[in-house]
Amino acid sequence: MKTKDILKKIRKIEISTKDIVSDLFSGEYHSIFKGQGLEFSEVRQYQDGDSFRQIDWNVSARMDYPYIKKFEETRELNIIFLVDGSASTLFGTVSNLKSEYIAELTAVLAFSALSNNDKVGLMLFCEGVEKYIPAKKGRKTILRILSEILQFSPQKKSTNIGEAIKYLMQVTKKRSVIFIVSDFLDEGYIKPLSVLGQKHDVIGLRVLDKAESVLPSAGILEFVDPENGQTFTVNSWDKKKRQQFARKIQELDEQTQQTFKKIKVDLLTLYTQNSYIKELMKFFKRRMKRK
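Position in the sequence shown (from 1) plus 214 gives the number in our numbering.
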């Protein structure tokens, strides 16, 4: 994609997501994520109902009257998008590829973070980490993130979510809200994901195309694995083959959901054929109810 086309795409995404952010997501976004800790607010005289644990004994001794230290929760968040740029995201049967859907989804959440004055960062990965942008504030950072996602061309096409998570844990010490945006067509990432979830607020956003779960009755089909280049043929007229394929996809879906639930990491599955707006709203409301 040429630079001119990328800029047009970014502008289009910014305009299309602006109303969504301001009208739908701002309130929910502010509510579902906690601040990163307590920040000193003031010292004031002790009042009935205050906790003795809050008393500042040094100030109280100087003033000959009990004083307490007040702290408030810091609202500023550290938001990091761990985005899958592997070859499997370059697939789509409707107007958008999974990668384009991922870019717009990331934009909505990133601009919501901007409205909350939060820091936003990006880590793009395939077989390894391809691009890392530390979390910073401001519109320029978000536009840079979108540009990197849209123009990204993977050096290696396969996926290694586990390695990306390990790298992220090395460079991110501050507790953060981490969105892992991927189709999760990978193995061996559950253990590092579990560790990540214990240190950060982690949300998996699984982006799929419905065509990936249905084998059409269309004769002898040749498939190419976009990540390793291997080809194989399937007789899609065979009803048993179609049923086996559907069953395998369903089992994989159930296994993925159960695993995320077991390690207590949120997972939201989104399909490129559907709008992400309603699904994100439902997701936000579920998180709010848990608080």
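Just so you know, even glycine gets a beta-carbon here, dropped at the ideal spot from N, CA and C.
Only a predicted model underlies this, so the values are computations on that prediction, with no experimental measurement involved.
Membership of Asp415 in the beta strand (DSSP E) is indicated by the continuous run Asp415 to Leu422. Within the DSSP secondary-structure output, Ile282 pairs in a beta bridge with Arg258 and Ile269. Proximity of the segment 309 to 320 to the segment 420 to 432 meets the contact definition, three or more beta-carbon pairs being nearer than 8 Å.
Taking the Cα positions, Phe266 is about 10 Å away from Tyr281. The beta-carbon distance between Pro348 and Ala301, rounded to whole angstroms, is 27 Å. This is too long to meet the 8 Å contact definition. When the alpha-carbon of Arg358 is set against those of Glu228, Leu494, Pro406 and Leu484, the nearest one is in Glu228. A residue is called buried when at least 16 other Cβ atoms come within 10 angstroms of its Cβ; Asn331 does not meet this threshold and is exposed. When secondary structure is reduced to three states using DSSP, Thr303 falls in the helix class. Annotated three-state conformation of Pro406 is helix, per DSSP. The continuous beta strand (DSSP E) containing Ala349 extends over residues Val343 to Lys350.
The three-state secondary structure of Glu401, taken from DSSP, is coil. Put simply, of Val428, Leu407, Asp415 and Asp298 the residue whose alpha carbon is nearest the alpha carbon of Lys380 is Leu407.
Fewer than three beta-carbon pairs drawn from the segment 392 to 409 and the segment 446 to 453 are found closer than 8 Å, and the two stretches are therefore not classed as touching. Phe366 carries a coil assignment under DSSP once its states are collapsed to helix, strand and coil. In the three-state reduction of the DSSP assignment, Ser396 falls in the strand class, which pools E and B. Beta bridge pairing from DSSP links Met337 with Leu296 and Tyr346.
If you draw a straight line from the Cα of Leu304 to the Cα of Asp270, it is about 58 Å long.
Note: Thr447 is bridge-paired with Glu436 in the DSSP secondary-structure output.
Boundaries of the alpha helix (DSSP H) around Asp467: Lys453 to Lys476. Here Leu482 is near Glu493, since their CB atoms are less than 8 Å apart. Ile224 and Gln472 have their C-alpha atoms roughly 36 Å apart. The residue from Ile294, Ser361 and Phe366 with its alpha-carbon nearest to that of Thr386 is Ile294.
Burial check for Met337: the Cβ neighbour count within 10 Å reaches 16 or more, so the residue is buried. The secondary-structure analysis by DSSP pairs Leu482 across a beta bridge with Leu419. From the listed residues Ser427, Leu410, Ile375 and Thr447, the smallest Cα separation to Ile434 is found for Thr447. When Val308, Ala275 and Pro430 are compared, the shortest CA-CA separation from Asn488 is found for Val308.
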